Each structure stands twice: as C-alpha cells, then as structure tokens.
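Residue numbers (my numbering), protein chains in the order written: chain A, 3 to 229; chain B, 568 to 882. Don't be surprised by glycine CBs; every beta carbon is placed ideally from N, CA and C. In this text the structure is predicted, and so the values were computed from the model without any measurement. Reviewing the structure listed below.
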C-alpha cells in the first residue's frame with residue numbers, strides 16, 4: 003500500500019479546501035468559549051483567573067500540537083499534515099498574545115513598575131515571558147517569503163526555538179502551581195516525548211546523511227520548502 | 568402443600584459479606600445522594616453539599632461593614648484539597664462528606680479533654696455572625712459572613728495546663744469521605760496550628776456556618792477554624808482533633824513547602840511569597856486588584872501579639 007494512502011492524491015486539494023477552514027474555526031473555539039463566558043458571567047467566581055489560565059493552557063496545547071505534526075507525519079506518512087503546522091504554531095502565538103495581554107491588562111492593570119519587578123524577580127514570570135518572547139521571531143518569519151529569504155537551513159535553525167519555548171512554557175506552568183504538579187508534569191511528558199521522537203529520528207538519519215546529502219535531506223527542511 | 572421446587576435463591580444471590588457489612592452506610596448515603604440529585608436537577612450546585620439548615624446568630628462588633636462576597640462564589644470557589652485541587656472541586660465533590668455523627672478529640676495538655684460528639688461539644692456556645700475579610704495566599708480574597716463562636720471560650724472550658732503553649736488542629740482522615748486524600752499532594756491528614764495567645768484572640772473563631780445557614784460540606788463542615796488575619800490555609804476545615812501541645816506543631820503546608828508557607832502565615836503585603844507578590848489581592852467580583860492590608864486589616868486587634876518579632880523571618 004502506498005504511504006499516505008488515507009489521503010489519496012486526487013482529493014488532497016479538495017480535503018484541504020474543506021478541512022483547513024474547519025480546523026481554523028475549531029482553533030478559535032477556546033476564544034469563543036472565553037468571550038461567551040465573559041459576556042454571560044459563566045467563567046466562575048474569578049473570571050480573570052479563568053481567562054489567564056485558559057489562554058495559558060491553550061498556548062501550551064497549541065505548542066504541543068505544533069510539535070506533534072512532524073513526528074506524526076513521519077510516523078503515519080500523512081504528508082498533508084504539514085499544511086497545518088504553520089496555522090497551529092500561529093495559533094499558539096495568538097493564544098500566547100492573549101495570555102500576555104490578560105496579564106498586562108486584566109491581571110496587573112498596566113502597573114508597569116510592578117510588572118518589570120515581576121519579570122525580574124519571579125522566576126515563573128521570567129520564564130513565561132521568555133517563552134512568549136521567543137515565539138515573536140517565529141511568528142514574524144512564518145511566511146513563505148521569509149523561508150525563501152532566510153533559506154531553508156537557517157529558517158529551520160531559527161524555528162527550533164519553538165522547542166525552547168515549549169520547554170519554558172512547561173516550566174512556567176510547573177513553577178506557578180502550589181502543590182498539585184500533575185497537570186504541568188503531563189505537559190512536560192508530552193513535550194519530552196515529542197522532542198525525543200525528533201532526537202531518535204535525527205540519530206537514525208545520520209548514517210545515510212553522511213553518505214549523501216541529497217539522498218536524505220532533513221525532513222524538517224523538506225517540510226519548510228513545502229509551500 | 569407440597570413444595571416441588573427448591574427456593575429460587577442461589578448462592579450467587581447472596582449479598583457479599585463486605586456489602587452486607589456496609590448496608591448502613593448505604594442507608595445514610597441515600598439521602599445525600601437524593602439531595603445531590605435534587606440540587607443538580609435544580610441547577611444549584613452550591614446547594615448540593617449540606618443540609619442548608621438555618622442558624623440563628625447574634626451580630627458582632629467584630630464584623631466588617633464591607634459587602635459580603637455572594638454565597639454562590641463563597642461556596643463554589645475555594646481550596647479544600649481533600650476534595651480535589653481545583654477551586655471548583657470542593658463544591659462538586661464534597662457530597663461524600665458526612666458531617667454527622669462527628670467525634671472531636673480534645674487532648675494533650677488539658678484537664679478536661681476527651682472525645683466529644685460534636686453537638687455536645689458545641690451546645691454551650693452562643694453563636695455569633697462574624698463578617699470577616701478572608702485572604703488566600705494565592706492572591707484572591709472574599710468577605711464572608713461566618714457563624715461561630717470564639718475559640719477562646721472553648722479553650723477556657725477545657726482548661727489547658729501550664730504546658731499548653733500551642734494548639735494543633737487535625738482534619739478528618741478518611742479516603743472514602745475525602746477522596747482527595749488518596750492523592751499525595753499533601754501529607755494527610757491536613758494539620759494546622761496556632762500559638763495559644765493567637766487561639767485566644769477574640770477574632771479567632773470556631774465556625775459552624777455561613778450566610779445564616781449550617782456550614783456547607785465544601786467549606787469545612789461540620790466545623791472549622793477562622794483566623795481572619797492569617798492566610799486562608801491556616802483556617803483548617805472539618806476538624807476532628809484539637810490537641811494542646813508544648814512545642815510548635817508541624818503544619819501541612821509548611822511540611823509541603825517550608826520556604827513558602829511559614830507557621831505564622833500572617834497576611835503581610837511586605838513579605839512576598841517566594842514565587843509571587845503579596846502586595847495586592849483580587850477581591851472576587853472586583854475588576855482591579857486592591858492593596859493587601861497588613862494583618863488583613865486586623866492590625867488593631869492582633870499586631871500587639873507580634874511586637875518585637877521579625878515578620879520577614881517568622882513569615
């Protein structure tokens with residue numbers, strides 16, 4: 003059976019035309035829930051905390067989903083998945099922006115001196131802020147033009163920052179909880195597995211890569227060239 | 568008349584012994600289950616956990632005039648890790664708690680200690696309504712019309728001996744009633760402590776109700792401590808043991824993270840939690856944070872107990 007047989011070539015374009023907008027709308031679901039909840043007073047006794055928490059958790063979820071694409075694609079051979087990676091990554095950035103805005107606006111209410119102190123003094127905020135800041139160059143260079151401008155190799159190198167961002171995101175979550183670390187640890191395990199999958203792949207690819215550069219290009223750079 | 572057939576009961580129909588032995592629990596559980604079902608059907612989550620029986624209480628000079636946080640928020644948003652670590656968990660899960668019958672042990676350095684049925688223990692005391700500010704170490708706060716009586720009255724009645732310098736309080740340990748105790752988030756059972764003078768301060772109360780009714784399960788039924796100038800976790804819930812001791816007792820959160828939660832844990836905007844600031848708090852229902860007050864605004868009544876103490880050291 004041909005690899006990627008679940009998405010027969012002829013219907014791939016059609017699938018994308020249908021599925022991609024649906025995925026896009028689904029990714030807006032958490033925002034819709036928060037907006038609806040805020041309007042109808044359904045976010046519990048401490049809505050600002052709920053908004054902060056939800057936007058933060060969804061940032062982490064979208065980061066892990068983004069990291070899932072490449073291993074899943076290699077494992078299943080569904081190359082079509084790569085078409086969703088940029089969108090998921092940008093949604094991670096989008097929810098990261100909402101999370102950051104919630105902190106500045108709803109949580110701290112533009113208390114700039116207080117926030118500067120926070121970022122410097124509170125490790126969990128320092129780490130969270132760094133995780134967010136690292137996503138900015140990735141979002142800015144997410145266009146196809148940027149890939150061409152930077153070249154696949156450099157673009158790939160830059161975009162490995164997403165690994166750091168995900169790890170820092172997990173640490174940010176871990177350091178803010180009081181005693182029940184089960185949820186941050188769950189995300190930690192997922193991120194670790196996804197990064198390990200990449201490491202194993204790289205190690206396996208190495209022998210063939212040394213034989214011929216052309217025969218085994220890094221799947222990531224291959225993916226980057228995919229329009 | 569001739570019996571042609573053996574009785575149609577077989578061995579497999581016999582109630583297993585463990586179930587048979589627990590049949591009374593089932594009987595007591597049914598009303599709770601029905602109550603919970605009724606509450607769920609009526610969509611009122613807050614009603615689920617407790618009888619909601621009305622309590623009479625006298626007004627108190629110690630009450631704040633600030634607006635109390637709505638009943639729904641007080642009863643659906645709180646920490647009670649014995650029922651889960653989300654602040655919505657206590658309201659969802661505390662239906663398994665059975666606040667009656669309830670035995671309280673008073674022991675240690677006291678003359679009149681013993682084991683007491685809760686209603687006998689509480690009978691002598693006149694209930695008061697105390698509307699207090701309540702500040703959680705996490706940075707949110709509420710105003711609650713508690714109902715209770717001064718802990719000092721009970722302390723006097725049980726006659727502590729010379730050796731009594733501290734009181735150690737312990738929460739119920741029962742994984743069936745408190746499923747959260749199956750998870751090792753804290754060293755169960757939950758325990759807390761006060762210095763004897765703190766326990767005798769007129770602001771410190773043993774609380775049996777809120778908002779004019781019997782304390783809902785999720786808020787610490789059948790009775791809990793309320794110490795309004797300390798972070799909320801000091802106000803231990805569902806107490807089964809009050810022990811008078813000579814030395815400062817270990818406390819649950821202090822054991823869990825000694826550098827973050829001290830024995831005193833007085834509300835103090837100048838001493839930050841190592842991971843976050845304590846300078847401000849979010850009063851539930853308010854949009855912007857308000858400044859946190861020293862001793863949660865109860866300095867006039869309590870500051871004198873800590874004169875000469877370095878509150879950065881004794882956090």
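Open item on the list: Is there a Cβ of chain B sitting closer than 8 Å to that of residue 124/A, yes or no?
Closed with: Locating residue 124/A in the first chain gives position 122, where the first residue counts as 1. Closer than 8 Å: yes.
Task: Of the residues 156/A, 18/A, 75/A, 102/A, the one placed nearest residue 174/A, counting alpha carbons only - done: Along the first chain, read from residue 1 onward, the residue named residue 174/A stands at position 172. Looking at the Cα atoms, 102/A is the closest of the given residues.
Open item on the list: So with CB distances below 9 Å, who are the chain B contacts of residue 46/A?
Closed with: The residue given as residue 46/A occupies position 44 in the first chain. Near residue 46/A (Cβ distances below 9 Å), the residues of chain B are 640, 643, 644, 654, 655.
Open item on the list: Mapping the DSSP letters down to three states, classify residue 699/B as helix, strand or coil.
Closed with: As a first step, residue 699/B must be located in the second chain, where it is residue number 132. Strand.
Task: Closest Cα partner of residue 865/B within the set 769/B, 821/B, 823/B - done: By 1-based counting over the second chain, the position of residue 865/B is 298. Ranked by Cα distance from residue 865/B, the first of 769/B, 821/B, 823/B is 769/B.
Task: Straight-line gap, residue 1/A to residue 56/A (C-alpha atoms, nearest Å) - done: An answer regarding residue 1/A cannot be provided, because it is not within the stretch 3 to 229 covered by chain A.
Open item on the list: Does the distance between the C-beta of residue 31/A and the nearest non-hydrogen atom of the ligand ADP fall short of 7 Å?
Closed with: This structure lacks the ligand ADP; in fact it carries no ligand of any kind.
Open item on the list: So, at 7 Å on beta carbons, what are the nonlocal neighbours of residue 747/B in its own chain, with the 5 sequence-adjacent residues on each side left out?
Closed with: Position 180 of the second chain, counted from the start, is the residue given in the question as residue 747/B. Non-local C-beta neighbours of residue 747/B in its own chain, meaning closer than 7 Å and more than five positions away in sequence, comprise 648, 649, 650, 651, ordered along the chain.
Open item on the list: Against residue 834/B, what residues of chain A qualify as contacts under a CB-to-CB distance less than 7 Å, listed in chain order?
Closed with: Within the second chain, residue 834/B is the residue found at index 267, counting from 1. Under a criterion of Cβ atoms nearer than 7 Å, no residue of chain A is adjacent to residue 834/B; the nearest Cβ is some 17 Å distant.
- [ ] Give a yes or no on whether the C-beta atoms belonging to residue 644/B and residue 851/B are separated by under 8 Å.
- [x] Walking along the second chain from the start, residue 644/B turns up at place 77. Walking along the second chain from the start, residue 851/B turns up at place 284. In contact: residue 644/B and residue 851/B (Cβ atoms closer than 8 Å).
Task: Rounded straight-line distance, which links the Cα of residue 93/A to that of residue 29/A - done: One-based indexing of the first chain puts residue 29/A at position 27. One-based indexing of the first chain puts residue 93/A at position 91. Taking the Cα positions, residue 29/A is about 7 Å away from residue 93/A.
- [ ] Using the Cα positions of residue 558/B and residue 638/B, report the straight-line distance between them to the nearest angstrom.
- [x] Given that chain B is displayed from residue 568 to residue 882, the structure contains no residue 558/B and the question cannot be resolved.
Open item on the list: What are the residues in the region 160–184 of chain A lying within 9 Å of chain B by C-beta distance?
Closed with: The region 160–184 of chain A vs chain B, Cβ under 9 Å: 177, 178, 179, 180, 181, 182, 183, 184.
TODO: Please confirm if the region 793–801 of chain B is in contact with the region 655–673 of chain B, defined as three or more CB-CB distances below 8 Å between the two stretches.
DONE: No: fewer than three Cβ pairs fall under 8 Å.
Open item on the list: With a threshold of 6 Å on Cβ separation, who are the neighbours of residue 7/A within its own chain once the five nearest residues in sequence on each side are excluded?
Closed with: On the first chain, position 5 is the one that residue 7/A refers to. Its pLDDT being 47, under 50, residue 7/A is placed unreliably by the model, and the measurement read from it follows with that caveat. For residue 7/A, where only same-chain residues beyond five positions count, there are no Cβ hits under 6 Å.
Task: Min CB distance residue 738/B to chain A below 8 Å - done: Taking the first residue of the second chain as position 1, residue 738/B is located at position 171. Not closer than 8 Å to any Cβ of chain A, the Cβ of residue 738/B fails to qualify, so no.
Open item on the list: When you compare the CB of residue 106/A with every CB in chain B, is at least one pair closer than 8 Å?
Closed with: As a position in the first chain, residue 106/A is number 104, starting the count at 1. It does not: the Cβ of residue 106/A has no partner Cβ on chain B nearer than 8 Å.
- [ ] Can you tell me which of 177/A, 171/A, 18/A puts its alpha carbon nearest to the alpha carbon of residue 85/A?
- [x] As a first step, residue 85/A must be located in the first chain, where it is residue number 83. The residue with the shortest Cα to Cα distance from residue 85/A is 18/A.
Open item on the list: Is there a Cβ of chain B sitting closer than 8 Å to that of residue 120/A, yes or no?
Closed with: The count along the first chain starts at 1 and reaches residue 120/A at position 118. Among the CB atoms of chain B, one or more fall inside 8 Å of the CB of residue 120/A.
Open item on the list: Using a Cβ-Cβ cutoff of less than 7 Å, which residues in the same chain neighbour residue 120/A once the five nearest sequence positions on both sides are dropped?
Closed with: Locating residue 120/A in the first chain gives position 118, where the first residue counts as 1. Annotation for residue 120/A: 127 place their beta carbon closer than 7 Å to its own, counting only its chain and skipping 5 residues before and after.
Open item on the list: Against chain B, does residue 111/A count as a neighbour if the rule is that its beta carbon must be under 8 Å from one of theirs?
Closed with: Translated into positions along the first chain, residue 111/A becomes position 109. Residue 111/A counts as touching chain B.
- [ ] Classify residue 517/B as buried or exposed, calling it buried when 16 or more other Cβ atoms lie within 10 Å of its own Cβ.
- [x] Residue 517/B lies beyond the residue range present for chain B, which begins at 568 and ends at 882; the question has no answer from this structure.
TODO: Quick one: give me the first and last residue of the alpha helix (DSSP H) that residue 91/A is part of.
DONE: Along the first chain, one-based indexing puts residue 91/A at 89. Taken as a continuous stretch (DSSP letters only), the alpha helix (DSSP H) holding residue 91/A covers 87–104.
- [ ] List the residues of chain A whose Cβ lies closer than 9 Å to the Cβ of residue 849/B, in chain order.
- [x] The sequence position of residue 849/B within the second chain is 282, counting from 1. Near residue 849/B (Cβ distances below 9 Å), the residues of chain A are 48, 50, 51, 109.
Open item on the list: Would you call the region 722–737 of chain B in contact with the region 773–789 of chain B, where contact means no fewer than 3 C-beta pairs closer than 8 Å?
Closed with: Proximity of the region 722–737 of chain B to the region 773–789 of chain B falls short of the contact definition, fewer than three beta-carbon pairs being nearer than 8 Å.
Task: Where the beta strand (DSSP E) through residue 806/B begins and ends - done: Indexing the second chain from 1 puts residue 806/B at position 239. Here the beta strand (DSSP E) through residue 806/B covers 806–812.
- [ ] For chain A, find out if any of its Cβ atoms is closer than 8 Å to the Cβ of residue 844/B; answer yes or no.
- [x] Position 277 of the second chain holds residue 844/B. Cβ-Cβ to chain A under 8 Å: yes for residue 844/B.
TODO: Determine, using beta carbons only, whether residue 695/B and residue 715/B come nearer to each other than 8 Å.
DONE: Position 128 of the second chain, counted from the first residue, corresponds to residue 695/B. Position 148 of the second chain, counted from the first residue, corresponds to residue 715/B. Yes, Cβ-Cβ distance for residue 695/B and residue 715/B is below 8 Å.
- [ ] Could you name the residues of the same chain whose beta carbon sits closer than 7 Å to that of residue 780/B, not counting the 5 residues immediately before and after it, in chain order?
- [x] Looking up residue 780/B in the second chain gives position 213. Answer for residue 780/B: 619, 620, 621, 622, listed in chain order.
TODO: With a cut-off of 8 Å on the beta carbons, I'd call residue 69/A and residue 196/A a contact; round off their distance for me.
DONE: By one-based count along the first chain, residue 69/A stands at place 67. By one-based count along the first chain, residue 196/A stands at place 194. The distance from the Cβ of residue 69/A to that of residue 196/A is about 4 Å, consistent with a contact at the 8 Å cut-off.
Open item on the list: For residue 166/A, count the other beta carbons within 10 Å of its own beta carbon; 16 or more makes it buried, fewer makes it exposed. Which is it?
Closed with: Taking the first residue of the first chain as 1, we reach residue 166/A at position 164. With fewer than 16 other Cβ atoms within 10 Å, it is exposed.
Task: Extent of the continuous beta strand (DSSP E) run through residue 754/B - done: The count along the second chain starts at 1 and reaches residue 754/B at position 187. If you look at residue 754/B, you'll find it isn't in any beta strand (DSSP E); DSSP assigns it neither H nor E.
Open item on the list: Ignoring anything shorter than 4 residues, give me the alpha helix (DSSP H) runs that lie fully in the region 802–870 of chain B, in order along the chain.
Closed with: Listed in chain order, they are 819–823, 866–869.
- [ ] State the Cα-Cα distance for the pair residue 882/B and residue 828/B, rounded to the nearest angstrom.
- [x] Along the second chain, one-based indexing puts residue 882/B at 315. Along the second chain, one-based indexing puts residue 828/B at 261. Here the C-alpha atom of residue 882/B lies approximately 7 Å from the C-alpha atom of residue 828/B.
Open item on the list: Strictly under 8 Å for the Cβ-Cβ distance: is residue 649/B near chain A by that measure?
Closed with: The residue given as residue 649/B occupies position 82 in the second chain. Taking a beta-carbon distance threshold of 8 Å, residue 649/B does not count as an interface residue toward chain A.
- [ ] With a floor of 4 residues, list each alpha helix (DSSP H) that falls wholly inside the region 12–59 of chain A, ordered by position along the chain.
- [x] If we require 4 residues or more, the alpha helix (DSSP H) runs fully inside the region 12–59 of chain A come out as 31–41.
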